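Asker: Okay, handing you the structure first.
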Amino acid sequence: MPGIISILDIAKKSLLVNQAAMNVTGNNIANVNSKGYNRQEAITSPSEAYTYAGKYFGSGVDLDEVRRVYDKYLVNQFNIETANLGKLDEKRSMLERIEAFMTSSEENGLGSAISDFFNSLQDLANDPSSSSARTAVISEASYLADLFHSTDTELDNIEKNIDFSAEGIINEINSIAERIAGLNEEIANIETSGVKANDLRDDRDLLLNDLASKIDITYFEDDSGQVTVMINGGKALVHRTSYWSLKTEPDYSNENILTIKYIGEGNTEADITNKIQGGKLKGLLDIRNDILKKYQSKIDTLAYSIINEINILHQAGRGLDGSTGNLFFNAISPSAYGSRENQGSADVSSVSVLSPSSLTYDNYEIRFTSSSSFDIYNTTTKQYVSTGNSYSSGSNIDFEGLRVVLSDSGGTPASGDIFYIKPGEGAAKNIEVNSTISSNINKIAAGLTSNPGDNENALQMGELQFSPILDSGSSTFEEYYGNILSDLGNDVLLSTDEYNTQEGLITALKERIESKSGVSLDEELSNLLKFQHSYQASAKLITVADELLDTLVNLIR
């Protein structure tokens, strides 16, 4: 019933609720600079009312909950864009490193070394019997080979550094997954009583965002407050209090790619490399398995074309000692191998150069459309060489200066199987002046005869410098190398632009989240004054009720 006691009860409730509200406000102010902290609110509602003498009376105020101000949609979008930013950041960073290496010593780099080598051949043509000119040719050729070696080594080092970085990111992903599973358990234990574990939820959100920066994820929360974290391909990284791990597995044979394995129940492994679409891990995979390999292949192509074109002419010429048929550079054997994703059992028996003068220096794929037919696709020009070719085990597959023999001794090929043909693979690593030539400069075939004054072959070799041999007959060696640097520069510019655009989007999302969930000191100070005044009014109400009680007691006396 309404009376002095009910007034005291209302005042007491108000005091406690306003005190709690000031506590929440104070906590917001204290955490204004805490990373990942979401503003909290004291949510109140009127206490249950009652009727007396036909009238309806309120009974004060209750504190329903301390609610975390949180926009699920914005946070989810932020995590998605964070994964994209992580990918672009790694791509930009690694491309800048490749560019820095390729251009840092350009004054004395491959471009000038190629020019110097061909200039030495021109000098030899001017004086074909000169020992010093012949020695200079060997010296410049050896220096050119050394530069190819160092370029290949540096690209290999970048590759290994990427593998190391990817392993570090994988370890972080596994650690975060374990911590999220632990927080799931803590949150579920606390929230079984109906209380929201706001601070623990903030901690978990920080981990989810950190995880999203490393690998693209989706996640959802169940009724117990626990999250399940999924990666592409339908694999659960975290489910309630359970978690699973990933591992890196570099494959240095044939395709030479970095694979990511998911370790599931019973330590079963699944390759998820192609399923990963975001995060720093995706950026590293794009560089490692695609972009870096593209530039390695271009450098190999440059080395291989120089080797082959010089060798063709040199073999046809004669040295001062009358020798002929000698290679100037050691020959490079072409590479051919099946895709690791092939479903059939056919394999490469052999691959060889059928006609060196017919080589295009492009890379190819033999693509099976059935177990008995295949197409040949030029991956450099993005055009088919031939289609609808009939296949039989052990038969020669001849095209553009190459001969490939496939065998199905272990089983037939399957539709969709791919075999990679890379004539110049490893050329930059293995280019060497033939020791027969380097140990006897008189074997350098400057002429087409053994006449000491014959310079015809040296002239032809020197003129290769200006011959459009590469890029389907549109680029000289030096132009091709210049195109490599130009393409690399364009890739860096594009990746930087993409990163800057994505960073702007992330900044905008951060601002939206901050405006909704962040702590505003002005707003909190305003709330603090509001709750303080309400608290003071409640205290005044107690004073009034106390005076009423005194009056009532005095009346009784």
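Note that the working numbering has the sequence shown beginning at 107, numbered continuously upward. Note that the Cβ used here is the ideal one computed from N, Cα and C, for glycine as well. Note that the structure is a prediction, hence the values are computed from the model and not measured.
1. Tell me which residues share the same chain as residue 534 and place their Cβ nearer than 8 Å to its Cβ, disregarding the 5 neighbours each side in the sequence.
2. Let me know the secondary structure DSSP gives residue 719 once reduced to three states.
3. Within the continuous beta strand (DSSP E) that includes residue 449, where are the two ends?
4. Check each candidate in 622, 268 and 359 and name the one with the smallest Cα separation from residue 179.
5. Can you round the beta-carbon distance between residue 512 and residue 503 to whole angstroms, since I take them to be within the 8 Å contact cut?
6. Please classify residue 463 as buried or exposed, where buried requires at least 16 other C-beta atoms within 10 Å of its C-beta.
7. Evaluate the contact criterion for the segment 429 to 442 versus the segment 281 to 290: three or more CB pairs, one atom per stretch, below 8 Å.
8. Between the segment 386 to 403 and the segment 325 to 332, do at least 3 Cβ pairs fall closer than 8 Å?
9. Rounded to the nearest angstrom, what separates residue 480 and residue 356 at their Cα positions?
10. Is there contact between the segment 450 to 470 and the segment 598 to 611, where contact requires at least three CB pairs shorter than 8 Å?
11. Could you tell me which uninterrupted beta strand (DSSP E) segments, each at least 3 residues in length, are contained entirely in the segment 475 to 525, listed from first to last along the chain?
12. If you drop the 5 nearest sequence neighbours on each side, which residues of the same chain put their C-beta closer than 7 Å to that of residue 473?
13. If you drop the 5 nearest sequence neighbours on each side, which residues of the same chain put their C-beta closer than 6 Å to that of residue 293?
14. What residue range is occupied by the uninterrupted beta strand (DSSP E) comprising residue 121?
15. To the nearest angstrom, report how far apart residue 153 and residue 167 are at their CA atoms.
16. On the three-state DSSP scale, how would you describe residue 626?
17. Which stretch, first to last residue, makes up the beta strand (DSSP E) that contains residue 229?
18. Are there 16 or more other CB atoms within 10 angstroms of the CB of residue 635, so buried, or fewer, so exposed?
19. On the three-state DSSP scale, how would you describe residue 383?
20. Closer than 8 Å is the cut-off here; do at least three beta carbon pairs connect the segment 555 to 575 with the segment 199 to 217?
21. So if DSSP puts residue 377 in a beta bridge, which residue, or which two residues, is it bridged to?
22. Locate the alpha helix (DSSP H) running through residue 539, then write down its first and last residues.
23. What does the Cβ neighbour count give for residue 289, buried or exposed, with the cut at 16 atoms within 10 Å?
24. Using a Cβ-Cβ cutoff of less than 7 Å, which residues in the same chain neighbour residue 148 once the five nearest sequence positions on both sides are dropped?
25. Roughly how many whole angstroms lie between the Cα atoms of residue 652 and residue 618?
26. Under 6 Å Cβ to Cβ from residue 318, same chain only, skipping five residues before and after it: list those, please.
27. Need the endpoints of the beta strand (DSSP E) that residue 163 sits in, please.
28. Do residue 269 and residue 379 have their C-beta atoms closer together than 8 Å?
29. Please name the residue or residues paired with residue 171 in a DSSP beta bridge.
30. Measure the Cβ-Cβ separation of residue 150 and residue 181 and say whether it is below 8 Å.
31. For residue 258, does the three-state DSSP call read helix, strand or coil?
32. Can you give me the start and stop residues for the beta strand (DSSP E) that residue 326 sits inside?
33. Could you spell out the range, first to last residue, of the beta strand (DSSP E) harbouring residue 158?
34. Between the C-alpha atoms of residue 417 and residue 582, what's the straight-line distance to the nearest angstrom?
35. Given this structure, state the Cα-to-Cα distance separating residue 320 from residue 371, to the nearest angstrom.
36. Write down the C-beta distance between residue 84 and residue 550 rounded to the nearest angstrom, noting that I regard them as a contact closer than 8 Å.
Answerer: Taking the definition as stated:
1. As a position in the sequence shown, residue 534 is number 428, starting the count at 1. Result list for residue 534: 254, 255, 257, 258, 402, 405, 406, 408 and 409, in chain order.
2. Shown here, the chain extends from 107 to 663; a query on residue 719 therefore has no answer.
3. Indexing the sequence shown from 1 puts residue 449 at position 343. Here residue 449 belongs to no beta strand (DSSP E), and DSSP marks it neither H nor E.
4. Taking the first residue of the sequence shown as position 1, residue 179 is located at position 73. It is 622 whose Cα lies nearest to the Cα of residue 179.
5. Mapped onto the sequence shown, residue 512 falls at position 406. Mapped onto the sequence shown, residue 503 falls at position 397. Between residue 503 and residue 512 the Cβ distance is about 7 Å, and since that is below 8 Å, they are a contact.
6. The residue you call residue 463 lines up with position 357 of the sequence shown. Result: exposed.
7. no
8. no
9. Translated into positions along the sequence shown, residue 480 becomes position 374. Translated into positions along the sequence shown, residue 356 becomes position 250. So the two alpha carbons sit approximately 30 Å from each other.
10. no
11. 479 to 484, 489 to 496, 502 to 505 and 508 to 513
12. Translated into positions along the sequence shown, residue 473 becomes position 367. Within the same chain, residue 473 has close Cβ partners 480, 481, 483 and 524.
13. For the purposes of this step, residue 293 is taken as the residue at position 187 of the sequence shown. Hits under 6 Å: 303, 306 and 331.
14. For the purposes of this step, residue 121 is identified with residue 15 of the sequence shown, where counting begins at 1. It is not in any beta strand (DSSP E) - residue 121 instead sits in the alpha helix (DSSP H) that spans 110 to 136.
15. Here residue 153 is taken as the residue at index 47 of the sequence shown, counted from 1. Here residue 167 is taken as the residue at index 61 of the sequence shown, counted from 1. One C-alpha to the other measures close to 5 Å.
16. Locating residue 626 in the sequence shown gives position 520, where the first residue counts as 1. Residue state, collapsed to three classes: coil.
17. Position 123 of the sequence shown, counted from the first residue, corresponds to residue 229. It is not in any beta strand (DSSP E) - residue 229 instead sits in the alpha helix (DSSP H) that spans 216 to 232.
18. Position 529 of the sequence shown, counting from 1, holds the residue named residue 635. The residue in question, residue 635, is exposed, as its Cβ has fewer than 16 Cβ neighbours within 10 Å.
19. Position 277 of the sequence shown, counting from 1, holds the residue named residue 383. Correct three-state label for residue 383: coil.
20. no
21. For the purposes of this step, residue 377 is taken as the residue at position 271 of the sequence shown. DSSP lists 367 as partners of residue 377.
22. Within the sequence shown, numbered from 1, the residue matching residue 539 stands at position 433. Where residue 539 is concerned, there is no enclosing alpha helix (DSSP H), given that its DSSP letter is neither H nor E.
23. On the sequence shown, position 183 is the one that residue 289 refers to. Under this definition residue 289 is a buried residue.
24. Taking the sequence shown and counting its residues from 1, one reaches residue 148 at position 42. Excluding positions up to five away in sequence, the list reads 126, 127, 130, 169 and 172.
25. Working through the sequence shown from its first residue, we reach residue 652 at position 546. Working through the sequence shown from its first residue, we reach residue 618 at position 512. Looking at the two C-alpha atoms, the distance is approximately 49 Å.
26. Sequence index remark: in the sequence shown, residue 318 carries index 212 (1-based). Same-chain partners within the cutoff: 185, 188 and 189.
27. As a position in the sequence shown, residue 163 is number 57, starting the count at 1. Per DSSP, residue 163 belongs to the beta strand (DSSP E) from 161 to 163.
28. Here residue 269 corresponds to residue number 163 of the sequence shown, with the count starting at 1. Here residue 379 corresponds to residue number 273 of the sequence shown, with the count starting at 1. Contact: no.
29. Within the sequence shown, numbered from 1, the residue matching residue 171 stands at position 65. Bridge partners of residue 171: 149.
30. Taking the sequence shown and counting its residues from 1, the one referred to as residue 150 is at position 44. Taking the sequence shown and counting its residues from 1, the one referred to as residue 181 is at position 75. No, the pair does not count as a contact, with Cβ atoms beyond the cut-off.
31. Position 152 of the sequence shown, counted from the start, is the residue given in the question as residue 258. Helix at residue 258.
32. As a working mapping, residue 326 is identified with position 220 in the sequence shown. Element bounds for residue 326: 323 to 327.
33. Here residue 158 refers to the residue found at position 52 of the sequence shown. Unbroken beta strand (DSSP E) run through residue 158: 156 to 158.
34. Here residue 417 refers to the residue found at position 311 of the sequence shown. Here residue 582 refers to the residue found at position 476 of the sequence shown. Each residue's Cα considered, the two are about 17 Å apart.
35. Within the sequence shown, numbered from 1, the residue matching residue 320 stands at position 214. Within the sequence shown, numbered from 1, the residue matching residue 371 stands at position 265. Cα-Cα distance, rounded: 23 Å.
36. No answer is possible for residue 84: it lies beyond the span of the chain, which begins at 107 and ends at 663.
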